[in-house]
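J.: Before we start, here is the structure in question, set down as structure tokens.
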Amino acid sequence: MTGSEAPPSFRLAYVPGVTPTKWVRIWHERLPAVPLTLVPVSAAAAADVLRARSVDAGFVRLPIDRTDLSAIPLYAETTVVVVPKDHVVAAVDEVSPGDLADEIVLHPLDDTLEWEERPGLAAKERPATTADAVELVAAGVGVLVVPQSLARLHHRKDLTYRTVVDAPESRVALSWPEDETTDLVEQFIGIVRGRTVNSSRGPQAPAQPQAKRSDAGGARKKPAAGKPAGRGGRAGSGTAKAKGRGKPRRRS
Numbered sequence: 070m071t072g073s074e075a076p077p078s079f080r081l082a083y084v085p086g087v088t089p090t091k092w093v094r095i096w097h098e099r100l101p102a103v104p105l106t107l108v109p110v111s112a113a114a115a116a117d118v119l120r121a122r123s124v125d126a127g128f129v130r131l132p133i134d135r136t137d138l139s140a141i142p143l144y145a146e147t148t149v150v151v152v153p154k155d156h157v158v159a160a161v162d163e164v165s166p167g168d169l170a171d172e173i174v175l176h177p178l179d180d181t182l183e184w185e186e187r188p189g190l191a192a193k194e195r196p197a198t199t200a201d202a203v204e205l206v207a208a209g210v211g212v213l214v215v216p217q218s219l220a221r222l223h224h225r226k227d228l229t230y231r232t233v234v235d236a237p238e239s240r241v242a243l244s245w246p247e248d249e250t251t252d253l254v255e256q257f258i259g260i261v262r263g264r265t266v267n268s269s270r271g272p273q274a275p276a277q278p279q280a281k282r283s284d285a286g287g288a289r290k291k292p293a294a295g296k297p298a299g300r301g302g303r304a305g306s307g308t309a310k311a312k313g314r315g316k317p318r319r320r321s
């Protein structure tokens, strides 16, 4: 590296509700010489930040304008409704959009859910942010339907949330500029996808030194008399996750 070259680094954007802690920890373990900087961005601004090359990659909420961007969908979030703790909805474990028909359902300008038909009654004005909408819920103005991670992010002791079934879900993806799939981006993709350190696409572990062979020409030594020849085996393991959800019973 010449004196004019900057040392390698990695800038990672993330939208509210996404917690990249686990992946950042693995990055530091595998690439301790490459600093990773976290850059919080709003869901609406995430795509523009990526196109401007202000960051190398970012966690975004789909859908986004995919022009010039690559994206790997990672997971979908449960949708919940945020209500005061003494609200009638707090007495059950889950509701449907139809159960909210008579409620004022707040619709913040930074909402990430795409509805064909929004549930409930519309408020006179749209709150600027989800945080503002949460304050209005606490004031008894209405209720708020959001991805579960945002309900947790804006947790208050006087509020609670319940699952909304048959509702659209917010999908989280890892995205980066399409023409900037660098080695570091590939490394981070591998971490997010759970590749091991010895994966062909992941960072390679240093090779273990081999004992010097004393037999010329690569011939295999015969085992000593009375000692059986050892056999090596290759073991593989895999894990599979299954996720299911039964209908919770009504709270008593």
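Residue numbering for the sequence shown follows this note's numbering, starting at 70 and increasing by one per position.
Idealized CB from N, CA, C, for every residue including glycine.
Since the model is a prediction, treat every value here as computed from it, not as a measurement.
For the beta strand (DSSP E) that contains T232, what are its first and last residues?
T.: By 1-based counting over the sequence shown, the position of residue 232 is 163. Its beta strand (DSSP E) spans residues 228-233.
J.: For the candidate residues V266, E247, T251, R264, whose alpha-carbon lies nearest to that of D137?
T.: Position 68 of the sequence shown holds residue 137. Nearest C-alpha to D137: E247.
J.: Measure the alpha-carbon distance for D201 versus H224 and round it to whole angstroms.
T.: Taking the sequence shown and counting its residues from 1, the one referred to as residue 201 is at position 132. Taking the sequence shown and counting its residues from 1, the one referred to as residue 224 is at position 155. D201 and H224: Cα-Cα distance of roughly 13 Å.
J.: What number of angstroms, rounded off, separates the C-alpha of L105 from the C-alpha of E172?
T.: The sequence position of residue 105 within the sequence shown is 36, counting from 1. The sequence position of residue 172 within the sequence shown is 103, counting from 1. Those two C-alpha atoms are separated by around 44 Å.
J.: CA-CA distance, D155 and A170?
T.: As a first step, residue 155 must be located in the sequence shown, where it is residue number 86. As a first step, residue 170 must be located in the sequence shown, where it is residue number 101. Approximately 19 Å between the Cα atoms of the pair.
J.: Answer yes or no: do V206 and P153 have a C-beta to C-beta separation smaller than 8 Å?
T.: By 1-based counting over the sequence shown, the position of residue 206 is 137. By 1-based counting over the sequence shown, the position of residue 153 is 84. Yes, Cβ-Cβ distance for V206 and P153 is below 8 Å.
J.: Count the C-beta pairs between the segment 247-265 and the segment 176-189 that are closer than 8 Å, then say yes if the count reaches three, no if not.
T.: No, the segment 247-265 does not touch the segment 176-189.
J.: Within the segment 134-218, note down every full beta strand (DSSP E) run reaching 3 residues or more, in order along the chain.
T.: List check, beta strand (DSSP E) in window: 138-145, 148-153, 212-216.
J.: Rounded to whole angstroms, what's the CA-CA distance from A102 to I133? Just pull it up for me.
T.: Indexing the sequence shown from 1 puts residue 102 at position 33. Indexing the sequence shown from 1 puts residue 133 at position 64. When rounded, the distance between both Cα atoms is 33 Å.
J.: Helix, strand or coil for T90 per DSSP?
T.: For this step, residue 90 is matched to residue 21 along the sequence shown. DSSP places T90 in helix when its eight states are reduced to three.
J.: Helix, strand or coil: how does DSSP classify L253 here?
T.: On the sequence shown, residue 253 is found 184 positions in, with the first residue counted as 1. DSSP places L253 in helix when its eight states are reduced to three.
J.: Whole angstroms are fine: how far does the CA of D162 sit from the CA of R231?
T.: Residue numbering aside, residue 231 sits at position 162 when the sequence shown is read from its first letter. Residue numbering aside, residue 162 sits at position 93 when the sequence shown is read from its first letter. Between R231 and D162, the C-alpha separation is close to 6 Å.
J.: Over the uninterrupted beta strand (DSSP E) stretch that includes A82, give me the two end residues.
T.: Sequence index remark: in the sequence shown, residue 82 carries index 13 (1-based). Start and end: 79-83.
J.: Per DSSP, which residues does W245 bridge with? Please list them.
T.: For the purposes of this step, residue 245 is identified with residue 176 of the sequence shown, where counting begins at 1. In DSSP, W245 forms a bridge with S139.
J.: Please list, in chain order, all residues of the same chain as P188 whose beta carbon is under 6 Å from its beta carbon, the five residues on each side excluded.
T.: In the sequence shown, counting from the first residue as 1, residue 188 sits at position 119. P166, L169, V174, listed in sequence order.
J.: Please state the DSSP three-state secondary structure of V129.
T.: The count along the sequence shown starts at 1 and reaches residue 129 at position 60. Looking at V129 - three-state DSSP - the assignment turns out to be strand.
J.: Report all residues from its chain with a CB closer than 7 Å to the CB of G86; omit the five preceding and five following residues, and keep chain order.
T.: The residue you call residue 86 lines up with position 17 of the sequence shown. The residues are P216, S218, L219, L222.
J.: Going by the beta-carbon positions, is the gap between P197 and G211 smaller than 8 Å?
T.: Numbered from its first residue, the sequence shown carries residue 197 at position 128. Numbered from its first residue, the sequence shown carries residue 211 at position 142. Note on residue identity: the sequence assigns Ala, not Pro, to residue 197. No.
J.: Could you check whether the segment 114-133 touches the segment 77-97, counting it as contact only if at least three pairs of C-beta atoms, one from each stretch, sit closer than 8 Å?
T.: The segment 114-133, when compared against the segment 77-97, does touch it at the 8 Å Cβ threshold.
J.: Taking the DSSP output, what are the residues bridged to R122?
T.: If you number the sequence shown from 1, residue 122 lands on position 53. None; R122 has no bridge partner.
J.: Just grab the DSSP bridge partners of R240 for me.
T.: Residue numbering aside, residue 240 sits at position 171 when the sequence shown is read from its first letter. Partner(s): L131, A145.
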